[in-house]
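So the structure is just underneath, and the comments pick up after that.
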Amino acid sequence: MSSERNGVNIVTAAKRLLALVSLVALLSLAVGCGSDSSESAADRADSQPAESGEGRLQFSGEHAEEKAQMQALVDEIIERFKYHDKAPLWENEFSYLHDRATFDEYLEYDHIKHFNPDSVDHIDLDSFEFHGDTCYTWVTVYFEGPTGKVSTDHDVYPFYFHKGRWIRPTFTSNPSGIREQQEYERIMYQADSAAKAEAEEGL
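The sequence shown lines up with residues 407 to 609 when you count with this note's numbering.
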């Protein structure tokens, strides 16, 4: 009797395990089918530059204009920072944040309050890699110490093409912030579509 009961328990456990595996597979399939195949802000948030450097291009020729825009943006931020002006940071955030907070509130965010690149002399944009409307840019940062000694560091900055121009967000430049912008754009699009439909009905 005991061996028979153990046999039943084993079969029951096996059935439950099979059901669990099937459920996990089904959920995975649902997640895969639910994703949008077209590139979106959220998709770009998950895109990362190749660590090997494969795909990186030098700024020249057809992309000279993009480099000029991004370089001018970085130069302006550094120059205005010399006068303790953090407005350029605000101007380069995604638009959803502008609807959610005021500039004064923004300045109180810890990340912004303690953002103080006083020792940065200038930044050179060296090479880049495009992922849709995201441009990962390899840069050389030049620091000038209190004795006048200059040192360098290398980093990768993401720039985003937003509302007809390239921006370099500080607070919202992360996957969460980009997804919030995507949701904001979706809501704004729905609102605009509803307003247009209502206007057409009134004609």
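Every residue gets a Cβ at the ideal spot worked out from N, C-alpha and C, and that includes glycine.
Fair warning: this is a prediction, and the values are worked out from it, not measured in the lab.
Terminal residues of the alpha helix (DSSP H) in which residue i lies
| i | result |
| --- | --- |
| Glu511 | Phe509 to Leu513 |
| Asp505 | Ser501 to Arg506 |
Three-state secondary structure assigned by DSSP to residue i
| i | result |
| --- | --- |
| Ser446 | At Ser446 the pLDDT is 43, less than 50, meaning the model places this residue with poor confidence; the figure from the coordinates comes in the next sentence. If DSSP states are grouped into helix, strand and coil, Ser446 belongs with coil. |
| Arg486 | helix |
| Pro581 | helix |
| Asp598 | helix |
| Arg364 | Residue 364 is absent from the model: the chain starts at 407 and stops at 609. |
| Pro494 | helix |
Beta-carbon spacing of residue i, residue j below 8 Å
| i | j | result |
| --- | --- | --- |
| Gln477 | Leu531 | yes |
| Val547 | Thr558 | yes |
| Tyr595 | Ser501 | no |
| Tyr566 | Thr543 | no |
| Ile484 | Ile518 | no |
Residues of its chain near residue i, where Cβ-Cβ distance is below 6 Å and the 5 sequence neighbours each way are ignored
| i | result |
| --- | --- |
| Arg571 | none |
| Leu495 | Thr576 |
Beta-carbon proximity list for residue i, same chain, < 7 Å, skipping 5 on both sides
| i | result |
| --- | --- |
| Ile550 | The question names Ile, but residue 550 is Glu in the sequence shown. Contacts found: Ser525, Asp527 and Val556. |
| Glu606 | none |
Other residues of its chain near residue i: CB distance less than 8 Å, five sequence neighbours each side excluded
| i | result |
| --- | --- |
| Glu499 | Tyr512, Ile573, Pro575, Thr576, Phe577 and Thr578 |
| Phe509 | Ala493 and Trp496 |
| Val562 | Pro455, Tyr542, Thr543, Trp544 and Val545 |
| Gln475 | Arg571 and Trp572 |
| Phe521 | Lys492, Leu495 and Thr576 |
| Ile593 | none |
Terminal residues of the beta strand (DSSP E) in which residue i lies
| i | result |
| --- | --- |
| Glu617 | In the structure as shown, the chain starts at 407 and stops at 609, and residue 617 therefore has no counterpart that could be examined. |
| His520 | Careful: His520 lies outside any beta strand (DSSP E) and carries neither H nor E. |
| Pro552 | Where Pro552 is concerned, there is no enclosing beta strand (DSSP E), given that its DSSP letter is neither H nor E. |
| His560 | Val556 to His568 |
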